[in-house]
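From first to last, the protein sequence lines stand for chains A and B.
Be aware that the first sequence starts at 21, since it is given in this note's numbering, and climbs by one per residue.
Be aware that the second sequence starts at 75, since it is given in this note's numbering, and climbs by one per residue.
We treat Cβ as the ideally placed atom computed from N, Cα and C, and that holds for glycine.
Given the structure is predicted, the values throughout are model-derived calculations rather than measurements.
The structure under discussion appears below in the form of structure tokens.
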Amino acid sequence: MRRESEVRIRCLGVLTAVMAVASLAPLPVAGQATPPAPDTWTPTRTPWGDPDLSGIWDFRTLTPLERPSELSGKEVLSDEDAAEYERETLRALDKDRRTSDGLTAEQDVRNAYNQFWWDYGTKLTEDKRTSLIVDPPDGRVPPLTPEAQKRADARTEALQRPAHGPEDRTVWERCILGLNTGPPMNPSVYNNNVHLFQIPGTVVILTEMAHDARIVLMDGRPHLPEDIRQWRGDSRGHWEGDTLVVDTTNFTGKTSFRGSGTEMHLVERFTRVGAETLLYEYTIDDPKSFERTWSAVIPMRRTEEPMFEYACHEGNYGMFNLLEGARVQERLAEESARTKSK
Amino acid sequence: MRNRFQGAAVAVALAAPLTVISLVSTPRGQPAQALQAPYQAPRTADGRPDLSGIWQALGTAHWDIEGHAARPGPVVALGALGAVPAGLGVVEGGEIPYQPWAATQKQKNLDNWLASDPAVKCFMPGVPRATYMPFPFQIVQTPEFVLMTYEFASATRVLYMDKPDFESPFDTWMGHSRGRWEGETLVVDVTSQVGDTWFDSSGNFHSDAVHVVERYTAMSPDALWYEAEIEDPNVFARPWKMSMPLYRRLDRNVQLLEFKCVEFVEELMYGHLRKQPNK
Chain A
21 MRRESEVRIR CLGVLTAVMA VASLAPLPVA GQATPPAPDT WTPTRTPWGD PDLSGIWDFR
81 TLTPLERPSE LSGKEVLSDE DAAEYERETL RALDKDRRTS DGLTAEQDVR NAYNQFWWDY
141 GTKLTEDKRT SLIVDPPDGR VPPLTPEAQK RADARTEALQ RPAHGPEDRT VWERCILGLN
201 TGPPMNPSVY NNNVHLFQIP GTVVILTEMA HDARIVLMDG RPHLPEDIRQ WRGDSRGHWE
261 GDTLVVDTTN FTGKTSFRGS GTEMHLVERF TRVGAETLLY EYTIDDPKSF ERTWSAVIPM
321 RRTEEPMFEY ACHEGNYGMF NLLEGARVQE RLAEESARTK SK
Chain B
75 MRNRFQGAAV AVALAAPLTV ISLVSTPRGQ PAQALQAPYQ APRTADGRPD LSGIWQALGT
135 AHWDIEGHAA RPGPVVALGA LGAVPAGLGV VEGGEIPYQP WAATQKQKNL DNWLASDPAV
195 KCFMPGVPRA TYMPFPFQIV QTPEFVLMTY EFASATRVLY MDKPDFESPF DTWMGHSRGR
255 WEGETLVVDV TSQVGDTWFD SSGNFHSDAV HVVERYTAMS PDALWYEAEI EDPNVFARPW
315 KMSMPLYRRL DRNVQLLEFK CVEFVEELMY GHLRKQPNK
């Protein structure tokens, strides 16, 4: 499968990049336990005077979006606990791990997509946070409104039964958006890379997955008319000091990020805090879907490794197989029902 | 802007002799402006011709890059709106020099157009087809990288401007692009394309050995002259070239919009695998 072979080569590239990145600047992050070391880095600027954020950034991390329940009340881990957490997480995720009591056939087949393909990083965020969400303080996505909960339940129901059609599956299985593309971007299992381009009046956010270029217009024009909706929304940007602020609306609602709807108002902030580090923060304001606003902070590291084409739809044999499998399951169930009634 | 006026002055000075030459020797399809060359685009901060902007081809190359009369379309219900308009063609010399087997294959592709054309399925169109799909594309030009992002299928490619020795480790749908400047012209060497893309909706095709050299030259503030030289020893008897103008989109508030066509082809591709009613 083409997609897999590209991921595989990408993985090799990224491993090299990890080894090359020796030390990272400390991050001034909301909710951080220890104060950051003084930052002596002077922001570089584009020839027209904007802070220079351009280049390829890697946002892999083991820190989950939401704080795991067993770490409830613990925003940050000690160095020792962090090392233990990283070790345990990597062990639990390891698809090549073999238990002494053996695997069921189903587990074994599931592990065929083995460790070689995954690329979720090996470390927590530099400040050892236990969740990428910094607000609300419990590090969890706020409760959904009844309306949003109804949508979420319908989606879960569709995902748990044999799919009736492609619309029952996620946008990333359908190859409409990548699984870490958002907006907002969030670290996921592989291809956690984004290339930022800057020219006067325009910034482009190009995510590796799935070759999605989000064009951020910086010329002060208003958002698209309300009736023009887009999977990745409509983005406008401006500078607040040295921070790039990107304001995105006009979502379809079909993208549904953690339960968001058509009225999601997303504000993303990109601040370069060192030669090697870009701080990416976002706030989701969608009162029709969430009981309150919520925010996450994700550090991104500069990489010299190139991004490659993530052709998803062109090789989406998964969708054929998944739907065909669903129809086979139905046929078998019918046959079995017929046999019983005889 | 200053450069543009300088360019205009030079153009006036040279106009008389060049007009004579262009009347005599302009090849079919190449505008006289291409020979009068001296237009200079405004410069980027690093002193290169600034080609950034939203561009689009006009004409019928996306239907058929060779010259063709108007013909009916394959979808009866679309009537006049689905018919193929005539075009003079964009292939220099008029005809693509196919090897004999490949000419037969091209005809087969045309006969089975809807079933075989990869763009029908919303696959990324490859280079050069992405350039003249009937959709805008945007050039975002920086010194190290030039991004070309296409409205059709959200296809994108990044040109490496400072890595002439960087080979792609594998083939991709949009290929591997290395760019360089030759005076006013952005030259792009496109390699490592899969053999699955076509040139148009008339079955014109290539193999995975295809090598494309593109040339983008500003003709005026609002037009680029585009050339693509095609070499593919598996399919063609010799290299050949297509060329056409690309126009700047001047619409009020123009911006690249989304055309994520995957959603629009799901019924076509997966419809036969849907759950049927009463089952």
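DSSP on residue i, reduced to helix/strand/coil?
{"i": "isoleucine 76 of chain A", "result": "strand"}
{"i": "histidine 285 of chain A", "result": "strand"}
{"i": "threonine 259 of chain B", "result": "strand"}
{"i": "threonine 70 of chain B", "result": "One cannot answer for residue 70 of chain B here, as it falls past the ends of chain B, which runs 75 to 353."}
{"i": "serine 43 of chain A", "result": "The predicted position of serine 43 of chain A is uncertain, since its pLDDT is 33 and thus under 50; no value can be drawn from it."}
{"i": "aspartate 147 of chain A", "result": "coil"}
{"i": "glycine 103 of chain B", "result": "Because glycine 103 of chain B sits at a pLDDT of 46, beneath the cut-off of 50, its placement in the model cannot be relied upon, and the point is left open."}
{"i": "asparagine 341 of chain A", "result": "helix"}
{"i": "aspartate 54 of chain B", "result": "With chain B covering only 75 through 353, there is no way to say anything about residue 54 of chain B."}
{"i": "serine 361 of chain A", "result": "helix"}
{"i": "isoleucine 95 of chain B", "result": "Its pLDDT being 38, under 50, isoleucine 95 of chain B is placed unreliably in this model, and the value from its coordinates should be taken loosely. In the structure shown, isoleucine 95 of chain B sits in a helix (DSSP, three-state: H, G or I)."}
{"i": "glycine 221 of chain A", "result": "coil"}
{"i": "serine 281 of chain B", "result": "coil"}
{"i": "alanine 53 of chain A", "result": "In this predicted model, alanine 53 of chain A has a pLDDT of only 40, less than 50, meaning its place in the structure is not dependable; the value taken from the coordinates is given anyway. The answer is coil: DSSP assigns alanine 53 of chain A none of H, G, I, E or B."}
{"i": "proline 48 of chain A", "result": "Because proline 48 of chain A carries a pLDDT of 40, less than 50, the predicted location of this residue cannot be relied on, and no value is offered for it."}
{"i": "methionine 343 of chain B", "result": "helix"}
{"i": "histidine 333 of chain A", "result": "helix"}
{"i": "tryptophan 247 of chain B", "result": "coil"}
{"i": "glycine 328 of chain A", "result": "First, the amino acid is wrong: residue 328 of chain A is phenylalanine here, not glycine. Residue state, collapsed to three classes: coil."}
{"i": "glutamine 267 of chain B", "result": "strand"}
{"i": "tryptophan 137 of chain B", "result": "coil"}
{"i": "tryptophan 68 of chain A", "result": "coil"}
{"i": "leucine 152 of chain B", "result": "helix"}
{"i": "arginine 23 of chain A", "result": "Residue confidence for arginine 23 of chain A is low, a pLDDT of 40 falling below 50, so the modelled location carries little weight; the figure read from the coordinates is stated next. Correct three-state label for arginine 23 of chain A: helix."}
Checking 7 Å against the spacing of the C-beta atoms, do residue i and residue j come in under that value?
{"i": "leucine 286 of chain A", "j": "threonine 268 of chain A", "result": "yes"}
{"i": "alanine 229 of chain B", "j": "methionine 248 of chain B", "result": "yes"}
{"i": "proline 313 of chain B", "j": "glutamate 301 of chain B", "result": "no"}
{"i": "threonine 150 of chain A", "j": "leucine 91 of chain A", "result": "yes"}
{"i": "threonine 291 of chain B", "j": "threonine 259 of chain B", "result": "yes"}
{"i": "histidine 346 of chain B", "j": "valine 309 of chain B", "result": "no"}
{"i": "valine 214 of chain B", "j": "valine 224 of chain A", "result": "yes"}
{"i": "tryptophan 137 of chain B", "j": "serine 266 of chain B", "result": "no"}
{"i": "leucine 152 of chain A", "j": "leucine 85 of chain A", "result": "yes"}
{"i": "methionine 343 of chain B", "j": "isoleucine 139 of chain B", "result": "no"}
{"i": "aspartate 158 of chain A", "j": "serine 315 of chain A", "result": "no"}
{"i": "glycine 147 of chain B", "j": "alanine 157 of chain B", "result": "yes"}
{"i": "tyrosine 302 of chain A", "j": "phenylalanine 290 of chain A", "result": "no"}
{"i": "glutamate 288 of chain A", "j": "proline 204 of chain A", "result": "yes"}
{"i": "alanine 346 of chain A", "j": "alanine 183 of chain A", "result": "yes"}
{"i": "glycine 401 of chain A", "j": "glycine 281 of chain A", "result": "No answer is possible for residue 401 of chain A: it lies beyond the span of chain A, which begins at 21 and ends at 362."}
{"i": "serine 126 of chain B", "j": "isoleucine 235 of chain A", "result": "no"}
Hey, is residue i close to the ligand ATP, as in C-beta under 6 Å from one of its heavy atoms?
{"i": "glutamate 344 of chain A", "result": "No copy of the ligand ATP occurs in the structure displayed, which carries no ligand at all."}
#### Entry: Chain-ordered residues of the segment 180 to 213 of chain A with a beta carbon less than 7 Å from chain B
His184, Gly185, Pro186, Arg194, Cys195 and Ile196
### Message
For the structure I just gave you, are there three or more beta carbon pairs, one from the segment 129 to 141 of chain A and one from the segment 67 to 75 of chain A, closer than 8 Å?
### Response
no
### Task
Check each residue of the segment 327 to 339 of chain B: if its Cβ is closer than 8 Å to any Cβ of chain A, include it; give the result in chain order.
Of all residues in the segment 327 to 339 of chain B, Asn327, Gln329, Leu330, Leu331, Glu332, Lys334, Val336 and Glu337 have a Cβ within less than 8 Å of some Cβ in chain A.
### Query
Should the segment 159 to 166 of chain B be called in touch with the segment 184 to 200 of chain B, which here means at least 3 C-beta pairs below 8 Å?
Judged by Cβ distances under 8 Å, the segment 159 to 166 of chain B makes no contact with the segment 184 to 200 of chain B, as fewer than three pairs qualify.
### Task
Give, in chain order, every residue of the segment 160 to 181 of chain B whose Cβ lies closer than 9 Å to some Cβ of chain A.
none
### Message
Contact between the segment 318 to 335 of chain A and the segment 78 to 96 of chain A is defined here as three or more beta-carbon pairs at a separation below 8 Å; is this criterion met?
### Response
yes
### Task
Determine, using beta-carbon pairs with one atom in the segment 324 to 335 of chain A and one in the segment 225 to 236 of chain A, whether at least three such pairs fall under 8 Å.
yes
### Query
Which residues, in order along the segment 319 to 338 of chain A, keep a beta-carbon less than 8 Å from a beta-carbon of chain B?
Pro326, Met327, Phe328, Glu329, Ala331, His333 and Glu334
#### Entry: Touch test, the segment 199 to 214 of chain A against the segment 295 to 305 of chain B, Cβ-Cβ under 8 Å, three pairs minimum
The segment 199 to 214 of chain A vs the segment 295 to 305 of chain B: no contact.
### Message
Quick check: the segment 229 to 243 of chain B against the segment 252 to 267 of chain B, are at least 3 beta-carbon pairs closer than 8 Å?
### Response
Taking 8 Å as the limit for Cβ pairs, the verdict is that the segment 229 to 243 of chain B does touch the segment 252 to 267 of chain B.
### Query
Between the segment 246 to 258 of chain B and chain A, which residues of the former have CB atoms less than 7 Å from a CB of the latter, in chain order?
Taking 7 Å as the Cβ-Cβ cut-off against chain A, the residues of the segment 246 to 258 of chain B that qualify are Thr246, Trp247 and Met248.
### Message
Taking contact to mean 3 or more Cβ pairs, one atom from each stretch, closer than 8 Å, check whether the segment 314 to 326 of chain B and the segment 121 to 136 of chain B are in contact.
### Response
Contact holds between the segment 314 to 326 of chain B and the segment 121 to 136 of chain B, because three or more Cβ pairs, one in each stretch, are under 8 Å apart.
### Near-chain E residues of the segment 246 to 263 of chain A (beta-carbon distance less than 8 Å), N- to C-terminal order
Chain labels in this structure do not include chain E; the protein chains are A and B.
### Query
What runs of the alpha helix (DSSP H), each 4 residues or longer, lie entirely inside the segment 159 to 244 of chain B?
174 to 185, 187 to 190 and 203 to 206
### Task
Indicate whether the contact test is met: 3 or more Cβ pairs, each with one atom in the segment 178 to 188 of chain B and one in the segment 322 to 337 of chain B, closer than 8 Å.
no
### the segment 209 to 225 of chain B touching the segment 330 to 345 of chain B, judged by at least three CB pairs closer than 8 Å
yes
### Task
Please specify which runs of the alpha helix (DSSP H), each continuous and at least 4 residues long, are wholly inside the segment 87 to 122 of chain A, giving them in chain order.
For secondary structure counted as the alpha helix (DSSP H) over 4 or more consecutive residues, the segment 87 to 122 of chain A holds these complete runs in sequence order: 99 to 113.
### Query
What residues in the segment 152 to 180 of chain A have a beta carbon less than 8 Å from any beta carbon of chain B?
none
#### Entry: Contact residues within the segment 65 to 88 of chain A, judged by C-beta distance below 7 Å to chain B
The residues in question are Pro67, Trp68 and Ser74.
### Message
List, from N- to C-terminal side, the beta strand (DSSP E) runs of 3 residues or more that fit wholly inside the segment 166 to 254 of chain A.
### Response
Within the segment 166 to 254 of chain A, the complete beta strand (DSSP E) runs of at least 3 residues are 213 to 219, 222 to 227 and 232 to 237.
### Task
Output, in sequence order along the chain, the residues in the segment 117 to 146 of chain A whose CB is closer than 7 Å to any CB in chain B.
none
### Query
At a cut of 8 Å, does the segment 157 to 174 of chain A reach the segment 296 to 309 of chain A through at least three beta carbon pairs?
yes
### Message
For the segment 219 to 240 of chain A, list every residue whose C-beta sits within 7 Å of some C-beta in chain B, in sequence order.
### Response
Ile219, Thr222, Val224, Leu226, His231, Asp232, Ala233, Ile235 and Leu237
### Short-range partners of chain B found in the segment 346 to 357 of chain A, where Cβ spacing is below 9 Å
Ala346, Arg347, Glu350, Arg351 and Glu354
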